[in-house]
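S.K.: Here the protein sequences line up with chains C and X, keeping their order.
So in my numbering, spot 78 of the first sequence is number 78, and the numbers just go up one at a time.
So in my numbering, spot 258 of the second sequence is number 258, and the numbers just go up one at a time.
Number of protein chains: 2
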Amino acid sequence: MPMHKEERAMEKVLIAGEWREAHASGGFRAEDPKTGQAIGPEYPVSRWEDCDLALNAATEAFKEMRGIELEKIAAFLEQYAANLEVNADALVAMAASETALPASPRLSQVELPRTTGQLRQAAAAAREGSWQNVVIDTKNNIRTHFAPIGPVVVFGPNNFPFAFNGIAGGDFAAAIAAGNPVIAKAHPSHPGTSRLLAEQALAAVKQTGLPAATVQMIYALANEDGLRLVSDPRTAATGFTGSSAGGLRLKAAADAVGKPIYLEMSSINPVVVLPAALQERGETIARELATSCLMGSGQFCTSPNMILLTQSPEAESFVATMTSAFEAAPSQPLLSRGGLEHLSKCVDELVGAGAKVVTGGKREPGAAFCYDNTILRVSGADWLEAPETLEKEAFGNATMVVMAKNVDEAQQIVEHMEGNLTGALYSANSGADDADYDRMAPALRARVGRLLNDKAPTGVAVSPAMNHGGPYPSTGHPGFTSVGIPVAIHRFAKLDCYDNVRAHRLPKALQDKNPNGTMWRSIDGSWSRGDVAGS
Amino acid sequence: MPMHKEERAMEKVLIAGEWREAHASGGFRAEDPKTGQAIGPEYPVSRWEDCDLALNAATEAFKEMRGIELEKIAAFLEQYAANLEVNADALVAMAASETALPASPRLSQVELPRTTGQLRQAAAAAREGSWQNVVIDTKNNIRTHFAPIGPVVVFGPNNFPFAFNGIAGGDFAAAIAAGNPVIAKAHPSHPGTSRLLAEQALAAVKQTGLPAATVQMIYALANEDGLRLVSDPRTAATGFTGSSAGGLRLKAAADAVGKPIYLEMSSINPVVVLPAALQERGETIARELATSCLMGSGQFCTSPNMILLTQSPEAESFVATMTSAFEAAPSQPLLSRGGLEHLSKCVDELVGAGAKVVTGGKREPGAAFCYDNTILRVSGADWLEAPETLEKEAFGNATMVVMAKNVDEAQQIVEHMEGNLTGALYSANSGADDADYDRMAPALRARVGRLLNDKAPTGVAVSPAMNHGGPYPSTGHPGFTSVGIPVAIHRFAKLDCYDNVRAHRLPKALQDKNPNGTMWRSIDGSWSRGDVAGS
Numbered sequence: 001m002p003m004h005k006e007e008r009a010m011e012k013v014l015i016a017g018e019w020r021e022a023h024a025s026g027g028f029r030a031e032d033p034k035t036g037q038a039i040g041p042e043y044p045v046s047r048w049e050d051c052d053l054a055l056n057a058a059t060e061a062f063k064e065m066r067g068i069e070l071e072k073i074a075a076f077l078e079q080y081a082a083n084l085e086v087n088a089d090a091l092v093a094m095a096a097s098e099t100a101l102p103a104s105p106r107l108s109q110v111e112l113p114r115t116t117g118q119l120r121q122a123a124a125a126a127r128e129g130s131w132q133n134v135v136i137d138t139k140n141n142i143r144t145h146f147a148p149i150g151p152v153v154v155f156g157p158n159n160f161p162f163a164f165n166g167i168a169g170g171d172f173a174a175a176i177a178a179g180n181p182v183i184a185k186a187h188p189s190h191p192g193t194s195r196l197l198a199e200q201a202l203a204a205v206k207q208t209g210l211p212a213a214t215v216q217m218i219y220a221l222a223n224e225d226g227l228r229l230v231s232d233p234r235t236a237a238t239g240f241t242g243s244s245a246g247g248l249r250l251k252a253a254a255d256a257v258g259k260p261i262y263l264e265m266s267s268i269n270p271v272v273v274l275p276a277a278l279q280e281r282g283e284t285i286a287r288e289l290a291t292s293c294l295m296g297s298g299q300f301c302t303s304p305n306m307i308l309l310t311q312s313p314e315a316e317s318f319v320a321t322m323t324s325a326f327e328a329a330p331s332q333p334l335l336s337r338g339g340l341e342h343l344s345k346c347v348d349e350l351v352g353a354g355a356k357v358v359t360g361g362k363r364e365p366g367a368a369f370c371y372d373n374t375i376l377r378v379s380g381a382d383w384l385e386a387p388e389t390l391e392k393e394a395f396g397n398a399t400m401v402v403m404a405k406n407v408d409e410a411q412q413i414v415e416h417m418e419g420n421l422t423g424a425l426y427s428a429n430s431g432a433d434d435a436d437y438d439r440m441a442p443a444l445r446a447r448v449g450r451l452l453n454d455k456a457p458t459g460v461a462v463s464p465a466m467n468h469g470g471p472y473p474s475t476g477h478p479g480f481t482s483v484g485i486p487v488a489i490h491r492f493a494k495l496d497c498y499d500n501v502r503a504h505r506l507p508k509a510l511q512d513k514n515p516n517g518t519m520w521r522s523i524d525g526s527w528s529r530g531d532v533a534g535s
Numbered sequence: 001m002p003m004h005k006e007e008r009a010m011e012k013v014l015i016a017g018e019w020r021e022a023h024a025s026g027g028f029r030a031e032d033p034k035t036g037q038a039i040g041p042e043y044p045v046s047r048w049e050d051c052d053l054a055l056n057a058a059t060e061a062f063k064e065m066r067g068i069e070l071e072k073i074a075a076f077l078e079q080y081a082a083n084l085e086v087n088a089d090a091l092v093a094m095a096a097s098e099t100a101l102p103a104s105p106r107l108s109q110v111e112l113p114r115t116t117g118q119l120r121q122a123a124a125a126a127r128e129g130s131w132q133n134v135v136i137d138t139k140n141n142i143r144t145h146f147a148p149i150g151p152v153v154v155f156g157p158n159n160f161p162f163a164f165n166g167i168a169g170g171d172f173a174a175a176i177a178a179g180n181p182v183i184a185k186a187h188p189s190h191p192g193t194s195r196l197l198a199e200q201a202l203a204a205v206k207q208t209g210l211p212a213a214t215v216q217m218i219y220a221l222a223n224e225d226g227l228r229l230v231s232d233p234r235t236a237a238t239g240f241t242g243s244s245a246g247g248l249r250l251k252a253a254a255d256a257v258g259k260p261i262y263l264e265m266s267s268i269n270p271v272v273v274l275p276a277a278l279q280e281r282g283e284t285i286a287r288e289l290a291t292s293c294l295m296g297s298g299q300f301c302t303s304p305n306m307i308l309l310t311q312s313p314e315a316e317s318f319v320a321t322m323t324s325a326f327e328a329a330p331s332q333p334l335l336s337r338g339g340l341e342h343l344s345k346c347v348d349e350l351v352g353a354g355a356k357v358v359t360g361g362k363r364e365p366g367a368a369f370c371y372d373n374t375i376l377r378v379s380g381a382d383w384l385e386a387p388e389t390l391e392k393e394a395f396g397n398a399t400m401v402v403m404a405k406n407v408d409e410a411q412q413i414v415e416h417m418e419g420n421l422t423g424a425l426y427s428a429n430s431g432a433d434d435a436d437y438d439r440m441a442p443a444l445r446a447r448v449g450r451l452l453n454d455k456a457p458t459g460v461a462v463s464p465a466m467n468h469g470g471p472y473p474s475t476g477h478p479g480f481t482s483v484g485i486p487v488a489i490h491r492f493a494k495l496d497c498y499d500n501v502r503a504h505r506l507p508k509a510l511q512d513k514n515p516n517g518t519m520w521r522s523i524d525g526s527w528s529r530g531d532v533a534g535s
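Next comes the structure, spelled out in structure tokens:
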């Protein structure tokens with residue numbers, strides 16, 4: 001994010017339904033990860049004034065959205081998805097230029113369809129309404145549901161320019177589905193992509209008649225303004241996906257004033273391959289994990305950063321197979337200069353802490369943001385001596401093999417791990433690992449949001465049963481997920497109870513008549529799609 | 001809580017299934033609020049060692065509880081409720097002596113049955129299992145539910161010696177129902193009551209074969225040890241009911257290390273009486289609110305601390321009626337010396353900030369912890385000039401009338417209020433207030449957890465539809481409630497997802513077969529009490 005202080009034409013920010021000149025403290029340009037060269041126009045780093053204007057507009061939009069028809073929210077989300085499809089070529093080309101992710105299949109066949117799919121799932125959930133978790137107690141005439149919380153700020157990460165973008169991704173879709181306006185803080189590594197997305201979001205807002213400030217976007221902020229934004233009285237809640245350092249700063253600011261903040265931060269996503277599985281199908285698993293580790297240059301939130309094995313000849317073959325696969329695969333550019341620098345620093349620190357380089361371990365020559373596909377290795381005993389330094393996420397195309405002496409030691413290692421999004425256990429199909437599985441699984445279970453069997457963690461299905469969350473510090477709270485409609489929507493809701501409120505004044509979802517005949521409601525202890533009996 | 005440093009026999013703490021000598025830094029005795037005299041034996045202020053031992057024991061207990069039969073948890077909760085009933089006379093007598101709350105009806109006919117009722121509702125929820133919110137995606141074979149989070153620390157308040165007691169109340173019941181061990185921090189204003197409760201809890205643990213350290217209790221702690229307790233790595237989550245000052249300190253400590261903490265803190269519970277309701281039935285409402293304000297000497301979490309009226313002759317009559325009722329009712333002792341001092345200080349500060357004393361406003365002579373039933377009054381304009389000082393909870397038998405110039409000003413006042421547990425709106429049955437209601441209700445709705453019509457907020461029904469929560473600073477998060485099974489249980493759970501996990505390794509709740517035929521589960525998008533189809 002090279003800064004330019006001089007006066008020049010700059011892209012505009014989206015505030016209150018208009019693309020406006022930013023109150024800018026400076027500007028920056030995107031960089032092509034393949035060349036390291038600045039590309040595209042200059043984008044503003046907003047001063048606080050832009051946040052202030054956006055917060056005022058969002059506050060007004062939220063008032064207008066009160067009691068809005070669920071159908072209208074659904075229509076917006078669907079229109080937005082359709083708009084993205086119409087503009088797919090331009091979006092994919094822009095994202096490819098700013099991120100160096102492959103246009104095909106990754107951006108056009110995988111990530112964009114996933115993004116439009118999320119928007120449509122959110123639309124369906126908003127229309128159907130069950131996410132509100134309506135509970136009706138007819139005897140006491142007390143009725144409760146989850147209701148929109150107010151203006152939501154979403155900070156998008158660098159690694160999914162569409163699917164986690166602050167103006168289009170999962171947090172955005174969930175916050176809107178709940179009925180909230182969103183102020184997106186775009187990630188500065190793909191500002192052009194964010195601009196194109198925001199243009200389509202704004203178009204959809206106009207096409208479907210939502211308040212103009214339902215979607216707003218700024219590109220970059222000084223750190224202190226980010227802290228101010230999440231803790232401003234007008235902000236109701238924040239969604240953040242990104243680095244631990246940034247997330248924890250924002251968390252502290254939001255916590256101090258009691259504002260909900262949902263964070264998805266770092267995760268090393270341990271994978272444990274039990275001894276008999278190594279014997280039975282070590283080579284297959286090694287190839288599968290190598291693919292998983294290098295997917296998107298290892299810049300997936302659930303990329304396996306730690307492979308935990310137990311000493312044996314098969315474990316050595318496993319490492320050799322993974323090493324060959326890492327060496328055979330060309331390294332892909334990382335998403336940003338900062339990402340390259342961070343990976344390089346992390347690997348150096350891990351080596352400094354005692355990890356050995358099996359392959360890779362250095363930046364590639366040239367201007368591209370490329371780092372060698374890297375495997376590090378450390379013994380279980382060494383890991384246990386310094387988990388606080390060796391349990392570090394090296395975000396990118398690097399992973400660390402931890403070679404435990406035996407399953408006992410492997411279990412100890414798991415018991416010393418911090419919270420993670422995922423943990424995977426490979427065990428023999430023969431059942432020969434079952435006793436070891438039964439010892440390892442509870443320890444791993446306690447430390448992860450999603451426990452996998454015999455499967456790499458990098459596929460995050462957009463399923464109602466998905467948990468893309470986990471214990472701290474992988475997120476800020478182990479009871480929420482950022483992927484998985486409808487549960488993800490709850491993050492951006494407050495629990496609204498109505499006690500003895502006159503029937504006609506109740507929100508439609510809480511009235512005796514089921515508002516759409518599809519919403520599941522808990523009425524006197526039973527789930528039903530019907531009306532309150534006798535009504 | 002008078003401290004005694006000399007060596008003498010002291011009550012024991014409940015750790016790891018035994019009543020043990022405390023590692024005490026000092027001791028304290030309860031005080032009779034009617035006489036101000038110390039009563040009963042000396043109780044220990046625990047040093048950190050006691051917390052450390054309790055945390056280790058809870059950690060082991062939690063391991064044993066893994067995969068426990070739901071029935072066993074339910075049996076414990078029911079046995080405990082039954083034990084309390086058998087020992088009702090002793091419990092009521094002890095609580096009456098320590099709190100001066102009436103033995104009858106309050107303690108024996110209301111609060112104890114409520115407490116046993118909560119335990120039985122929690123038992124039913126644990127047994128039935130729907131609280132786990134099971135979501136099964138058969139196509140992807142991903143399955144998720146809420147699972148126990150780990151050792152839970154519960155800090156009980158002074159105002160409900162049974163129903164919110166750390167070792168017997170709502171947070172305790174919810175944490176146990178989820179499958180967690182509890183470390184209770186009893187409130188030092190009723191240590192004998194807490195001891196009797198804990199004895200019955202321990203008996204029930206033994207009767208039903210739960211791990212001995214499922215329930216543990218200490219009486220008092222230095223502030224710094226409380227902070228250490230909620231942020232210890234072995235603590236999974238904390239429930240706290242009490243003062244803002246204490247709650248916010250604990251919140252900061254827990255937040256800093258990403259530990260969930262659920263707080264119920266102060267709330268002024270505004271009641272708005274609209275103009276036509278004042279005309280139509282002002283006197284009735286005034287009497288109803290006076291009763292609500294003085295219930296339990298005004299020491300209910302939902303006691304109305306602010307009555308918002310609009311200027312009119314009827315409003316003056318309303319104040320006169322409330323004043324007569326406050327003056328006619330004998331003042332009851334407050335729960336503790338500290339509570340008396342706090343109320344006295346708060347009233348003085350409110351008067352210092354411009355509130356006028358309508359009646360009361362001073363401590364009563366004598367040794368009892370009695371304060372005059374007190375009504376303060378301030379104009380809407382004055383309130384709007386200093387909401388930060390006038391929006392103060394004077395916990396106890398004091399309330400403040402805010403007299404707004406008109407409904408516009410009343411609305412402004414509501415818009416300047418902080419988060420509260422409840423907000424009540426009285427409007428005319430004739431419909432003459434409806435336009436004003438429609439303006440006021442959204443503003444109030446945004447600031448409270450429970451919105452009431454034509455009803456005082458002090459009745460908190462233990463209903464699945466109850467929300468005993470609200471926006472910050474009344475609690476720490478607007479999406480959770482501390483009363484209302486099963487929703488209250490979610491606070492003490494983490495979201496556990498199983499991805500491709502082999503069928504026999506899944507928790508019973510997630511297996512194809514519905515484990516008890518009563519648990520509601522969302523299977524491929526539909527709620528069902530059946531098995532997964534085809535299984």
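Even glycine gets a Cβ: it sits at the ideal position worked out from N, Cα and C.
#1: Going by CA-CA distance only, name the one from X:Ala368, X:Leu451, X:His416 that's closest to X:Trp383.
#2: Less than 9 Å between the beta carbons of C:Ala95 and C:Thr193, yes or no?
#3: I need the straight-line Cα distance from C:Ala465 to X:Ser297, nearest angstrom please.
#4: Bridge partners for X:Asp137 per DSSP, in chain order?
#5: Using C-beta distances below 7 Å, list every residue in its chain close to C:Glu6, excluding the 5 sequence neighbours before and after it, in chain order.
#6: Look at the Cβ atom of X:Thr238, then the Cβ atom of X:Leu250, and state whether they are nearer than 9 Å.
#7: In the DSSP assignment, the beta strand (DSSP E) including C:Arg20 goes from what residue to what residue?
#8: Pick helix, strand or coil for C:Leu274, following the three-state DSSP scheme.
#9: Pick out whichever of X:Ala90, X:Ala178, X:Asp372, X:Thr310 has its Cα sitting closest to the Cα of X:Met440.
#10: Please report the distance separating the alpha-carbon of C:Ala57 from that of C:Met265.
#11: Along chain C, in chain order, which residues have C-beta atoms closer than 8 Å to that of X:Val501?
#12: Below 6 Å CB to CB, which residues in the same chain sit around C:Glu64 once its five sequence neighbours on both sides are set aside?
#13: Of all the CB atoms in chain X, is at least one closer than 9 Å to the CB of C:Gly525?
#14: Please check the pair X:Pro304 and X:Ser317, which I expect to be a contact at CB under 8 Å, by giving their CB distance rounded to whole angstroms.
#15: Does C:Leu14 come within less than 9 Å of chain X when only Cβ atoms are used?
#16: Locate the alpha helix (DSSP H) running through C:Ile176, then write down its first and last residues.
#17: Can you give me, in chain order, the residues of the stretch 335–348 of chain X that have a beta carbon less than 8 Å from any beta carbon in chain C?
#18: What does the alpha-carbon distance come out to for the pair X:Glu128 and C:Ile176?
#19: Quick one: measure Cβ to Cβ for X:Pro609 and X:Gly67, integer angstroms, because I've assumed they're closer than 8 Å.
#20: Who does C:Tyr43 pair with in a DSSP beta bridge?
#21: Taking three-plus beta-carbon pairs below 8 Å as touching, is the stretch 130–146 of chain C in contact with the stretch 451–465 of chain C?
#22: With distances taken Cα to Cα, identify the nearest neighbour of C:Met10 among C:Tyr43, C:Phe480, C:Phe76.
#23: Measuring CA to CA, which of X:Gly396, X:Thr374, X:Ala446, X:Gln109 is closest to X:Pro471?
#24: So with Cβ pairs under 9 Å, would you call X:Ala256 a contact of chain C?
#25: Okay, do the stretch 155–163 of chain C and the stretch 180–198 of chain C touch, 3+ Cβ pairs below 8 Å being the bar?
M.R.: Taking the geometry as given:
#1: X:His416
#2: yes
#3: 48 Å
#4: X:Ile142
#5: With a pLDDT of 49 at C:Glu6, under the threshold of 50, the modelled position of this residue cannot be trusted; read the value that follows with caution. Answer for C:Glu6: no residue qualifies.
#6: yes
#7: 18–20
#8: coil
#9: X:Thr310
#10: 29 Å
#11: Leu451, Leu452, Asn453
#12: Pro211
#13: yes
#14: Not confirmed; about 18 Å, so no contact.
#15: no
#16: 170–178
#17: none
#18: 34 Å
#19: Residue coverage of chain X in this structure runs from 1 to 535, which leaves residue 609 of chain X outside it and unanswerable.
#20: C:Phe28
#21: no
#22: C:Tyr43
#23: X:Ala446
#24: yes
#25: yes
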